[in-house]
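First the structure, in the form of structure tokens, and then the observations on it.
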Amino acid sequence: MPGHLPGRRPLFSLAARHPAWKRQVSEACIGCGKCQARCPAQAIPGDPRATRHGECLTCRRCLEICPQQAIRFSFGAATHPLLSSPPDPKRRALLAGGAVFLAGGGVLWSTAWGRARPDSSLLRPPGARPEEDFLRRCLGCGACMAVCPTNTLQPAGFQHPWQALLSPLLTPVIGPCATDCNRCGQACPTEAILPLPMAEKFWARPGTAHIRKGRCLAWLEEKACLVCDEVCPFDAIRLIRVQGLSNSVPEVIPNRCAGCGYCEHECPAARKAIVVEAVGALRLNDPRPRENGLLKGLDIRLHPHQKDAEQDGVLPGGFPGGLPPGFTP
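Here the sequence shown is numbered in our numbering, starting from 63 and rising by one per residue.
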């Protein structure tokens, strides 16, 4: 299945089947089924009092729509009164030690971690809100990754800031962001990624392509490589003549670049010579990125040849004969 990460799902599911923070339904439930209809993950089975915790995103949409206020999310503490028992010195010492540990953790949270600013240099999918708002909404549920047809959306690991753990990152090395797809925003249950129509999605660019001349076959070795120019769906790369070089070299036109990553994905250099960086990303809470992009001077248009290819059923990056543009048998 596109977006499935072998080896990860079983581990996540094992922990999710018995979560500490979980959905609970009281006797006030009248079985109206509104929570079932609202659940984006179909985690509520035939009996609305039950929950498939392995599928639940804890998005709390069921809580918002319940007419009886019969739903809550909690750590599942016992509702019956606890029986009294004689004080246990060992237990008291254990609790005291735990209190010290929690207090120390709270200090760390409020100083080093709690004040850490979100990393705005991370490459997010088109339509992702500004980083702070994005992280406030993102559940790390993986719904966007599961529907991504090119597998470019991957979970952030421990090499990234802790706030971003398991949140989706755009990784053009693995795959480009398909020009005919806006599934991630449609699948996101919390609208951390806005559900943009295709006409707006292009403008919500995650970043801008940048050429690393020290790695580029054309700039460094003076080879006639045209791959990035040929695969760009938005005609955002042009070939220029530079004094001292015998061949034309590529240059990015920043205001045309949609940050889709086709150039990075198809670059034949051993170490990618063109990469998409979060510079110039258009990340808004407003679902009208086109209007905002025009005000910033952007000119993002799908290349006519790209439209023809999509109508013929050939997705960008799917090259007949197995060779990318710029290469001949």
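All C-beta atoms in this analysis are idealised placements derived from N, C-alpha and C, irrespective of residue type, glycine included.
query	result
Separation of I255 from D291, as counted between CA atoms	29 Å
Sheet register partners of H272 (DSSP bridge)	V337
Nearest neighbour of H115, chosen from V293, R191 and P81 [CA to CA]	P81
Start-to-end residues for the beta strand (DSSP E) that takes in L356	Counting along the chain, L356 falls outside any beta strand (DSSP E), though it belongs to the alpha helix (DSSP H) covering P351 to L357.
Neighbourhood of S182 by C-beta, 6 Å cutoff - its chain only, sequence neighbours within 5 removed	E193
Whole-angstrom C-beta distance between N317 and G359, which should lie under 8 Å	6 Å
Reduced DSSP category for S75 - H, G, I as helix; E, B as strand; rest coil	Confidence at S75 is low in this model, with a pLDDT of 45, below 50, so its placement is unreliable and the value that follows should be read with caution. Residue state, collapsed to three classes: helix.
N-terminal and C-terminal residue of the beta strand (DSSP E) that F135 is part of	I133 to S136
Under the three-state DSSP convention, the category S285 falls into	Sequence inspection shows Lys at residue 285; the Ser mentioned does not correspond to that position. Coil.
DSSP bridge partner residues for E313 (one or two, in chain order)	R300
Where P81 falls: helix, strand or coil (DSSP)	coil
Cα-Cα separation, T173 to E283	Because T173 sits at a pLDDT of 43, beneath the cut-off of 50, its placement in the model cannot be relied upon, and the following sentence gives the value as read from the coordinates. If I take the Cα positions, the gap works out to 49 Å.
Beta-bridge pairing of A190 - partner residues as DSSP gives them	I255
R245 versus P102: straight-line alpha-carbon distance, rounded	14 Å
Nearest neighbour of N213, chosen from C239, F296, L307 and G247 [CA to CA]	C239
Where the alpha helix (DSSP H) through Q98 begins and ends	K96 to R100
Three-state secondary structure (DSSP) of A366	Note on residue identity: the sequence assigns Pro, not Ala, to residue 366. P366: helix per DSSP, three-state reduction.
Proximity winner among P187, E89, V337 and N347, relative to T241 (alpha-carbon distances)	P187
Contact check, C97 vs C124, beta carbons under 9 Å	yes
C-alpha gap between C278 and L301, whole angstroms	13 Å
Secondary structure of L228, DSSP reduced to three states	coil
Beta-carbon separation (whole angstroms), V314 vs A271, contact threshold 8 Å	5 Å
Nearest residue (CA-CA) to A236, options D109, V337, R267 and D297	Residue 236 is actually Ile in this sequence, not Ala. Answer by Cα proximity: V337.
Among D361, G202, L288 and D109, the one whose alpha carbon lies nearest that of A249	G202
Local conformation of Q104 per DSSP, three classes	coil
L279, DSSP secondary structure in three states	helix
Nonlocal neighbours in the same chain, by C-beta distance under 8 Å from V341, ignoring five residues either side	G269, T270 and H272
C-beta atoms of A105 and R85 nearer than 9 Å	yes
Alpha-carbon spacing of C325 relative to C294, whole angstroms	6 Å
N-terminal and C-terminal residue of the alpha helix (DSSP H) that Q305 is part of	Where Q305 is concerned, there is no enclosing alpha helix (DSSP H), given that its DSSP letter is neither H nor E.
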